[in-house]
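Note sheet for the following structure.
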Amino acid sequence: ETARVATNHIDGLIDAAPTIIELFRGHVGRFGPDELRALRSQQPRSWDLQRKLFDIVFESATDVAVATRAVPSTFKPEEVVNLPVFRYCLCMMLLFIRWIEGGRQTASSNASIANDVVDANIASYSTYFHGVLSADDKVNSLAREARHVLREIGGAMP
């Protein structure tokens, strides 16, 4: 029974992949050619570009939180970076940047996107602990980058 539930969950992620691609296409449209070049170059990002990326993270986190009622009643705005929904959206943004860097943001398979969503979940939850117990370089790298960003913006870290 448990295996069937897990398989159905992954199948749901695979089915949702086109929605994620459409969201990413919409996000790509928010960036000008120079900003896209800057994202692809892996060079330090300008303050304006960083702000635009964080605006998307905050907007996404708000949308997901409202849709899922993921914000506790005792929530204080200054604690947003400590909410699981914010950390998940941050990890998805980091994946979005990687997809732009690799030129894959609209050419990935549904199964690959589902795998990236699972990686984002694992990486986001790992920010509440001391990392990921995995040999998967991609998820470990994503988790390290998320922890770095969270430290820089005042997120609570173990």
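Mind the numbering: the sequence shown is residues 1 to 158 in my numbering, read in order. Backbone N, C-alpha and C define an ideal beta-carbon position, used for all residues, glycine too. Note that the coordinates shown come from a computational prediction; the quantities given were computed from them, not determined experimentally.
So what's residue 18 in DSSP terms, helix, strand or just coil?
-> Along the sequence shown, read from residue 1 onward, the residue named residue 18 stands at position 18. In the structure shown, residue 18 adopts helical secondary structure according to DSSP, grouped into three states.
So what's residue 101 in DSSP terms, helix, strand or just coil?
-> For the purposes of this step, residue 101 is taken as the residue at position 101 of the sequence shown. It is helical.
Rounded separation between residue 103 and residue 40 - CA only = Here residue 103 corresponds to residue number 103 of the sequence shown, with the count starting at 1. Here residue 40 corresponds to residue number 40 of the sequence shown, with the count starting at 1. Pairing residue 103 with residue 40, the inter-Cα distance amounts to about 8 Å.
Report all residues from its chain with a CB closer than 8 Å to the CB of residue 140; omit the five preceding and five following residues, and keep chain order.
-> The residue you call residue 140 lines up with position 140 of the sequence shown. Residues of the same chain with a CB within less than 8 Å of the CB of residue 140, apart from the 5 flanking positions on each side, are 131, 132 and 134 in chain order.
The stretch 74 to 84 / the stretch 47 to 57 touching (three or more Cβ pairs under 8 Å) = Contact annotation: the stretch 74 to 84 does not touch the stretch 47 to 57, with fewer than three C-beta pairs closer than 8 Å.
Around the Cβ of residue 113, are there at least 16 other Cβ atoms within 10 angstroms (buried) or fewer (exposed)?
-> The residue given as residue 113 occupies position 113 in the sequence shown. Buried, by the Cβ-count rule.
How about residue 96 and residue 148: are their beta carbons less than 8 Å apart?
-> In the sequence shown, counting from the first residue as 1, residue 96 sits at position 96. In the sequence shown, counting from the first residue as 1, residue 148 sits at position 148. It is not a contact, given that the beta carbons lie outside the stated cut-off.
Apart from the five residues just before and just after residue 64, which ones in its own chain have a Cβ nearer than 7 Å to its Cβ?
-> Indexing the sequence shown from 1 puts residue 64 at position 64. Around residue 64: 70, 85 and 89.
What's the call for residue 127, buried or exposed, on a 16-neighbour Cβ count within 10 Å?
-> As a working note, residue 127 is residue 127 in the sequence shown. The residue is buried, with at least 16 neighbouring Cβ atoms inside 10 Å.
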